[in-house]
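Student: Okay, here's the structure, questions in a sec.
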Amino acid sequence: ELEQLVCGGRVVDLSALQAATHYDDGYSQHSTAIRWFWEVVHSLDDAQQKRLLFFITGSDRVPIKGLGHLSPPFVISRNGNDNTRLPTAHTCFNHLLLPAYKDKDTMRQRLLLAIENAEGFGLL
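All residue numbers for the sequence shown refer to my numbering, where the first residue is 1107 and numbers rise by one.
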(Lines of atoms letter the chains of each structure in order from A and count residues from 1; the text may use other names and numbers.)
(Lines give C-alpha, C1' and ligand atoms only; values in the text may rest on other atoms or scores of the structure.)
Protein backbone atom coordinates (compact mmCIF):
# COMPACT_ATOMS: atom_id res chain seq x y z
CA GLU A 1 0.00 0.00 0.00
CA LEU A 2 2.82 2.38 0.85
CA GLU A 3 4.48 1.68 -2.51
CA GLN A 4 1.26 2.58 -4.33
CA LEU A 5 0.96 5.83 -2.36
CA VAL A 6 4.55 6.82 -3.09
CA CYS A 7 5.09 5.39 -6.57
CA GLY A 8 1.62 5.14 -8.07
CA GLY A 9 -0.17 2.16 -9.50
CA ARG A 10 1.13 -0.34 -12.01
CA VAL A 11 -2.05 -1.33 -13.85
CA VAL A 12 -2.90 0.91 -16.80
CA ASP A 13 -6.70 1.23 -16.96
CA LEU A 14 -7.19 2.38 -20.54
CA SER A 15 -10.97 2.45 -20.25
CA ALA A 16 -10.77 5.02 -17.43
CA LEU A 17 -8.30 7.09 -19.44
CA GLN A 18 -10.49 6.91 -22.54
CA ALA A 19 -13.63 7.94 -20.63
CA ALA A 20 -11.90 10.99 -19.13
CA THR A 21 -10.10 12.16 -22.29
CA HIS A 22 -10.83 15.57 -23.79
CA TYR A 23 -10.46 16.37 -27.51
CA ASP A 24 -9.46 19.56 -29.30
CA ASP A 25 -8.60 21.14 -32.66
CA GLY A 26 -11.21 19.30 -34.69
CA TYR A 27 -11.16 15.94 -32.91
CA SER A 28 -14.06 14.43 -30.97
CA GLN A 29 -14.62 11.00 -29.49
CA HIS A 30 -16.40 10.12 -32.76
CA SER A 31 -13.58 11.17 -35.12
CA THR A 32 -12.17 8.36 -37.26
CA ALA A 33 -8.61 9.08 -36.10
CA ILE A 34 -9.69 8.95 -32.46
CA ARG A 35 -11.50 5.64 -32.94
CA TRP A 36 -8.33 4.26 -34.59
CA PHE A 37 -6.20 5.67 -31.78
CA TRP A 38 -8.16 3.87 -29.07
CA GLU A 39 -8.28 0.63 -31.09
CA VAL A 40 -4.49 0.77 -31.43
CA VAL A 41 -3.98 1.68 -27.77
CA HIS A 42 -6.23 -1.13 -26.51
CA SER A 43 -4.26 -3.60 -28.67
CA LEU A 44 -0.91 -2.70 -27.08
CA ASP A 45 0.77 -5.10 -24.67
CA ASP A 46 1.39 -4.07 -21.04
CA ALA A 47 4.91 -2.78 -21.68
CA GLN A 48 3.76 -0.69 -24.64
CA GLN A 49 0.86 0.72 -22.60
CA LYS A 50 3.34 1.86 -19.93
CA ARG A 51 5.53 3.42 -22.63
CA LEU A 52 2.48 5.26 -23.95
CA LEU A 53 1.66 6.49 -20.45
CA PHE A 54 5.27 7.66 -20.07
CA PHE A 55 5.13 9.36 -23.47
CA ILE A 56 1.95 11.26 -22.55
CA THR A 57 2.59 12.08 -18.88
CA GLY A 58 6.32 11.74 -18.30
CA SER A 59 5.72 8.86 -15.85
CA ASP A 60 4.99 5.19 -16.38
CA ARG A 61 3.06 5.03 -13.09
CA VAL A 62 -0.66 5.49 -12.70
CA PRO A 63 -1.69 8.33 -10.34
CA ILE A 64 -3.13 7.18 -7.03
CA LYS A 65 -6.70 8.15 -8.01
CA GLY A 66 -6.33 6.44 -11.40
CA LEU A 67 -6.04 7.59 -14.99
CA GLY A 68 -9.56 8.97 -14.99
CA HIS A 69 -8.35 11.65 -12.59
CA LEU A 70 -5.26 12.96 -14.37
CA SER A 71 -4.53 16.57 -13.55
CA PRO A 72 -4.53 18.27 -15.93
CA PRO A 73 -6.84 15.93 -17.87
CA PHE A 74 -5.56 14.03 -20.90
CA VAL A 75 -6.22 15.94 -24.13
CA ILE A 76 -5.74 14.74 -27.71
CA SER A 77 -5.45 17.48 -30.33
CA ARG A 78 -5.33 17.22 -34.09
CA ASN A 79 -1.90 18.08 -35.44
CA GLY A 80 -2.26 18.27 -39.22
CA ASN A 81 -2.59 15.32 -41.58
CA ASP A 82 1.03 14.67 -42.56
CA ASN A 83 1.50 10.88 -42.66
CA THR A 84 5.25 11.21 -42.09
CA ARG A 85 4.88 13.22 -38.89
CA LEU A 86 5.14 11.48 -35.52
CA PRO A 87 2.77 12.09 -32.63
CA THR A 88 4.21 14.48 -30.04
CA ALA A 89 3.31 15.17 -26.44
CA HIS A 90 3.48 17.95 -23.89
CA THR A 91 4.01 15.86 -20.76
CA CYS A 92 3.50 18.74 -18.31
CA PHE A 93 -0.01 19.15 -19.68
CA ASN A 94 -0.89 15.48 -20.50
CA HIS A 95 -1.47 16.65 -24.06
CA LEU A 96 -1.02 14.44 -27.14
CA LEU A 97 -0.69 16.05 -30.58
CA LEU A 98 -1.90 13.43 -33.04
CA PRO A 99 -1.83 13.87 -36.82
CA ALA A 100 -4.88 12.67 -38.77
CA TYR A 101 -3.23 9.68 -40.45
CA LYS A 102 -4.61 8.16 -43.65
CA ASP A 103 -5.17 4.73 -42.07
CA LYS A 104 -4.96 2.82 -38.80
CA ASP A 105 -1.80 0.91 -39.77
CA THR A 106 0.10 4.16 -40.36
CA MET A 107 -1.16 5.49 -37.03
CA ARG A 108 -0.01 2.34 -35.24
CA GLN A 109 3.44 2.45 -36.85
CA ARG A 110 3.97 6.15 -36.06
CA LEU A 111 2.63 5.85 -32.52
CA LEU A 112 4.84 2.85 -31.74
CA LEU A 113 7.87 4.59 -33.24
CA ALA A 114 7.20 7.62 -31.06
CA ILE A 115 6.59 5.79 -27.78
CA GLU A 116 9.40 3.27 -28.19
CA ASN A 117 12.00 5.95 -28.91
CA ALA A 118 10.85 8.65 -26.49
CA GLU A 119 13.16 9.76 -23.72
CA GLY A 120 12.02 11.70 -20.70
CA PHE A 121 13.81 14.29 -18.70
CA GLY A 122 16.71 12.94 -16.70
CA LEU A 123 20.23 13.55 -15.57
CA LEU A 124 23.14 11.60 -16.95
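We treat Cβ as the ideally placed atom computed from N, Cα and C, and that holds for glycine.
In the DSSP assignment, find the unbroken beta strand (DSSP E) run with Ala1125 in it and report its ends.
Tutor: Per DSSP, Ala1125 belongs to no beta strand (DSSP E); it is in the alpha helix (DSSP H), Leu1120 to Ala1126.
Student: Taking the Cβ atom as the reference point for each residue, do Tyr1133 and Ile1182 lie within a distance shorter than 8 Å?
Tutor: Cβ distance < 8 Å, so Tyr1133 and Ile1182 count as in contact.
Student: Take Ser1165 as the anchor and find which of Asn1189, Pro1193, Phe1199 and Leu1150 has the nearest alpha-carbon.
Tutor: If we check each option's Cα against that of Ser1165, Phe1199 comes out closest.
Student: If you draw a straight line from the C-alpha of Asn1187 to the C-alpha of Lys1208, how long is it?
Tutor: Their Cα atoms are separated by approximately 8 Å.
Student: What are the start and end residues of the beta strand (DSSP E) that includes Ser1137?
Tutor: Where Ser1137 is concerned, there is no enclosing beta strand (DSSP E), given that its DSSP letter is neither H nor E.
Student: In terms of residues, what are the limits of the alpha helix (DSSP H) holding Ala1206?
Tutor: Element bounds for Ala1206: n/a, residue is neither H nor E.
Student: May I ask you to report which of helix, strand or coil DSSP gives Leu1202?
Tutor: If DSSP states are grouped into helix, strand and coil, Leu1202 belongs with the strands.
Student: Give me the Cβ distance between Val1118 and Met1213, rounded to the nearest whole Å; I'm assuming they're in contact under 8 Å.
Tutor: Not quite, the Cβ-Cβ distance comes to about 19 Å (not below 8 Å), so this is no contact.
Student: Within 10 angstroms of its Cβ, does Thr1190 collect 16 or more other Cβ (buried), or is it exposed?
Tutor: Result: exposed.
Student: So Ala1220 and Leu1173 are supposed to be a Cβ contact under 8 Å. How far apart are they, rounded?
Tutor: Going by Cβ atoms, the distance from Ala1220 to Leu1173 rounds to 19 Å, so no, they are not a contact pair.
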